[in-house]
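Asks: This is the structure, below, for whatever I ask next.
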Amino acid sequence: CGNDQVMLAVDAIRRHPEFVDHMKRIRRCETGREFCCHGIDHLLDVARIAYIRVLERKMPFRKEVVYAAALLHDVGKAEQYENGEPHEVAGARVATEILMGVDGFSALEKTAIVAAVAQHRHYDDNSSPLGKLLLEADKASRPCFACPAREKCDWVPDKMNAGIKI
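Take the sequence shown: its position 113, counting from 1, is numbered 96 in my numbering, and each next residue is one higher.
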């Protein structure tokens, strides 16, 4: 276990009071939800899948940037549940606030992370490579084929994962 290196900037996001508050609110809003919850397990699944893709494709993203974007991509879910604001819009705003208080990322990296959070819901040719990567990893993280609540899901069948994609 001595080889494990803590990503200090990413851990600072995880410990940031705004992040902690939003995660508590999301957990409260999702109490009793049968599928597609947005807790830390989902965020880390997205991070790991995205980083595997970075390595496979030899993309120029630092591991910390990928993990930061993944950790923050659903941070706006509480606003979506509580007042209907799209979570990618709220998430970009909250991610900006959180990243202002975190060292370890350049201004350009912070801008890229916030843009990826804003872009992670819908495919657009004009989205940034990090935004497209986040969207792909987010969708690949959901094992729809094995979900016990699949019949109750409101995703259209062609949006569901029919098999393992990683």
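Just so you know, even glycine gets a beta-carbon here, dropped at the ideal spot from N, CA and C.
#1: Going by alpha carbons, who is nearest to I76 out of L91, D86 and A99?
#2: Can you tell me whether DSSP reads K238 as helix, strand or coil?
#3: Rounding to the nearest angstrom, what Cα-Cα distance links Q63 and P43 in this structure?
#4: Start and end of the alpha helix (DSSP H) containing R(-3)?
#5: For the candidate residues D(-6), H21, A(-5) and E17, whose alpha-carbon lies nearest to that of K7?
#6: Touch check for the stretch 71 to 88 and the stretch 51 to 59: three-plus C-beta pairs under 8 Å?
#7: On the criterion of 16 or more Cβ atoms from any shown chain inside 10 Å, does Y106 qualify as buried, or is it exposed?
#8: Determine the burial state of L82: buried for a count of at least 16 other Cβ atoms within 10 Å of its Cβ, exposed for fewer.
#9: Are the beta-carbon atoms of C12 and E65 separated by less than 8 Å?
#10: When you compare each of D24, K135, R125 and A132 to K143 by their alpha carbons, which one comes out closest?
#11: Which one of I32, E1, E17 and D(-6) has the shortest CA to CA distance from L117?
#12: If you measure between the beta carbons of V49 and A30, is that distance less than 8 Å?
#13: Between the Cα of E119 and the Cα atoms of V37, E80 and R45, which residue gives the shortest distance?
#14: By how many angstroms is the C-alpha of Q102 removed from the C-alpha of D137?
Replies: With the given structure in hand:
#1: Sequence check: residue 76 is Arg here, not Ile. When only C-alpha atoms are compared, the closest one is A99.
#2: Nothing in the structure corresponds to residue 238, since the chain is present only between -16 and 149.
#3: 32 Å
#4: L(-9) to R(-2)
#5: H21
#6: yes
#7: exposed
#8: buried
#9: yes
#10: One detail in the question is off: residue 143 reads as Met in this sequence, not Lys. Looking at the Cα atoms, R125 is the closest of the given residues.
#11: I32
#12: yes
#13: V37
#14: 21 Å
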